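Enquirer:
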Amino acid sequence: MKNIEAVAAVIMQGGRVFCAQRKDEGETARLWEFPGGKIEAGETHSQALEREIREELEAGISVEDFIMTVSYQYVHFNLTMHAYRCRLTSGEIVLREHLESRWLAADELDSLPWAPADLPIVARAKELLEREGSSADDGIVTR
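Position 35 of the sequence shown, counting from 1, maps to 35 under UniProt numbering, and the rest follow consecutively.
If you want it as structure tokens, here you go:
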């Protein structure tokens with residue numbers, strides 16, 4: 001079985017977290033996730049996150065804190081995913097590889113059907129958001 005190592009960006013801003021819906025393909029079709037992707041040879045986790053977010057969302061990020069590593073066995077592959085708390089630093093979010101996106105508060109995260117590997121990260125993101133408390137919208141722009 002194929003082993004995949006990936007990174008996920010838990011982008012938090014204004015008391016909300018960015019969530020993206022996967023395209024209509026594969027085992028996780030139309031499920032929600034934290035954006036990111038596979039780590040390429042020679043890349044650090046931060047480099048992979050910055051590249052993936054540029055490619056998928058046309059935005060710049062600052063990788064701030066390690067959140068957790070999740071291991072999940074899908075039908076056709078084993079996934080090891082490293083999640084990091086991130087902050088947008090430049091650009092408006094433009095969806096290049098996802099169907100839809102949302103900025104959600106902690107109490108809204110359970111309203112989405114998540115990819116199974118993302119569920120432990122969802123729980124941790126809720127804790128982080130609740131600990132921070134809600135704050136005013138600070139310039140989130142998505143188109």
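For each residue, glycine too, the CB sits at the ideal point set by N, CA and C. Computed from a predicted structure; not experimentally measured.
Nearest-angstrom Cα distance between C19 and T44?
Expert: Counting from 1 along the sequence shown, the entry for residue 19 is found at position 19. Counting from 1 along the sequence shown, the entry for residue 44 is found at position 44. Computed Cα separation, rounded: 23 Å.
Enquirer: Determine the burial state of H76: buried for a count of at least 16 other Cβ atoms within 10 Å of its Cβ, exposed for fewer.
Expert: Taking the sequence shown and counting its residues from 1, the one referred to as residue 76 is at position 76. Per the 10 Å Cβ criterion, exposed.
Enquirer: Output the boundary residues of the alpha helix (DSSP H) element that contains S46.
Expert: Locating residue 46 in the sequence shown gives position 46, counting from the first residue. Per DSSP, S46 belongs to the alpha helix (DSSP H) from H45 to L57.
Enquirer: State buried or exposed for A41, treating a residue as buried only when at least 16 other CB atoms are found within 10 Å of its CB.
Expert: Here residue 41 refers to the residue found at position 41 when the sequence shown is read from its first residue. By the C-beta density criterion, A41 is exposed, having fewer than 16 other C-beta atoms within 10 angstroms.
Enquirer: Following the continuous alpha helix (DSSP H) through K126, name the residue where it begins and the one where it ends.
Expert: One-based indexing of the sequence shown puts residue 126 at position 126. Per DSSP, K126 belongs to the alpha helix (DSSP H) from L119 to E132.
Enquirer: Given 8 Å as the limit, is there contact between the region 109-116 and the region 89-100, that is, 3 or more CB pairs closer than that?
Expert: no
Enquirer: State buried or exposed for F34, treating a residue as buried only when at least 16 other CB atoms are found within 10 Å of its CB.
Expert: Mapped onto the sequence shown, residue 34 falls at position 34. It is buried - the Cβ of F34 has at least 16 other Cβ atoms within 10 Å.
Enquirer: If you measure between the beta carbons of R87 and I61, is that distance less than 8 Å?
Expert: For the purposes of this step, residue 87 is identified with residue 87 of the sequence shown, where counting begins at 1. For the purposes of this step, residue 61 is identified with residue 61 of the sequence shown, where counting begins at 1. Going by C-beta atoms, R87 is nearer than 8 Å to I61.
Enquirer: Based on Cα-Cα distance, which residue from Y84, E55, Y72 and E58 lies nearest to F66?
Expert: Locating residue 66 in the sequence shown gives position 66, where the first residue counts as 1. Looking at the Cα atoms, Y84 is the closest of the given residues.
Enquirer: Can you tell me which residues form a DSSP beta bridge with G37?
Expert: Counting from one through the sequence shown, the residue named residue 37 turns up at place 37. Its beta-bridge partners are V7.
Enquirer: Need the endpoints of the beta strand (DSSP E) that I61 sits in, please.
Expert: Within the sequence shown, residue 61 is the residue found at index 61, counting from 1. Where I61 is concerned, the enclosing beta strand (DSSP E) stretches over G60 to Q73.
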